[in-house]
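The structure appears below as structure tokens.
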Amino acid sequence: MTLIHDALVAADKFVSSIPVITVIEDLAWRDTIALGYCHLSLEHHAGMMALAHGNHRTPLFALFRPQMEAHLRALWARRIAPDDRLRAFLDGDETINPSARQIILQHPIEDEREALLAQHDGSWSSLCDYTHGGARQIHARLAPGDMETKFPDAHVAACVNASASLAFLSLLEMAELLKDERLFYFIQDSYFDAYPDKKPN
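Residues are numbered in my numbering as their position in the sequence shown, beginning at 1, plus a constant of 2.
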């Protein structure tokens with residue numbers, strides 16, 4: 003077994019266990035928007051898994067930042083954005099388009115804010131580099147030999163694991179938006195079943 007194979011088996015086991023969420027009733031308009039962003043984040047995750055299965059390493063890395071940004075925008079829409087700013091944003095006012103860091107700094111829950119901020123400050127510039135064809139994407143092609151992508155297997159596996167963790171958070175957010183406590187705990191149990199080392203003691 004390889005690192006990539008193990009990462010994909012765990013991610014597939016987790017996501018395949020989650021029921022399709024199709025029924026949306028009596029949601030506030032901002033919660034509907036947040037739910038849409040969560041769904042967008044999950045679609046990026048699904049795309050990343052398809053790319054990983056096909057060994058398409060370059061676009062795999064390029065999609066992780068959009069996945070994270072969609073999740074952060076779900077938090078912004080649900081918990082942070084004032085009604086007038088959210089409406090203006092949806093109407094296409096590009097001046098109301100907060101950066102990922104600005105969204106995190108406005109997060110009302112201190113523990114979550116600090117955790118998100120630490121992850122952002124430790125990884126955001128690298129994620130942008132992977133997304134926009136920066137130096138990391140070019141360095142992966144400059145090793146001796148044929149012109150091909152040479153991202154190490156360990157990096158690919160880590161990206162798959164990180165994407166699955168972010169999908170877990172987006173799914174939990176969806177369950178909260180739907181006020182479905184049973185779904186929330188089912189998602190939690192499914193994740194820890196696929197990733198037993200992540201389960202809190």
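By construction, the Cβ of each residue, glycine as well, lies at the ideal position given by its N, Cα and C atoms.
One thing to note: L74 has its Cβ within 8 Å of the Cβ of A102. Going by DSSP, D123 is part of the alpha helix (DSSP H) stretching over E112 to T133. The criterion of a C-beta distance shorter than 8 Å is not satisfied by S172 and S18. I6 sits close to D155, with the two beta carbons spaced by under 8 Å. One alpha carbon belongs to T60, the other to D33, and they sit about 33 Å apart. Taking the CA atoms as reference points, N203 sits about 12 Å from F194.
H41 places its beta carbon 8 Å or farther from that of Q69. In chain order, L65 place their CB closer than 7 Å to the CB of G49, counting only its own chain and leaving out the 5 sequence neighbours on each side.
Beyond the five residues adjoining it in sequence on each side, N99 comes within less than 7 Å, by CB distance, of F91 in the same chain, given in chain order.
With 16 or more neighbouring CB atoms inside 10 Å of its own CB, S165 falls in the buried class. Per the coordinates, the alpha-carbon of M51 lies some 26 Å from the alpha-carbon of R184. For Y39, the number of other beta carbons within 10 angstroms of its own is at least 16, and it is reported as buried. A check of alpha carbon separations from V22 across A177, L144, K200 and K181 identifies A177 as the nearest. Residue state for A137 is assigned as helix, using DSSP reduced to three classes. In the DSSP annotation of this structure, the continuous segment of the alpha helix (DSSP H) that includes G49 starts and ends at W31 to H55.
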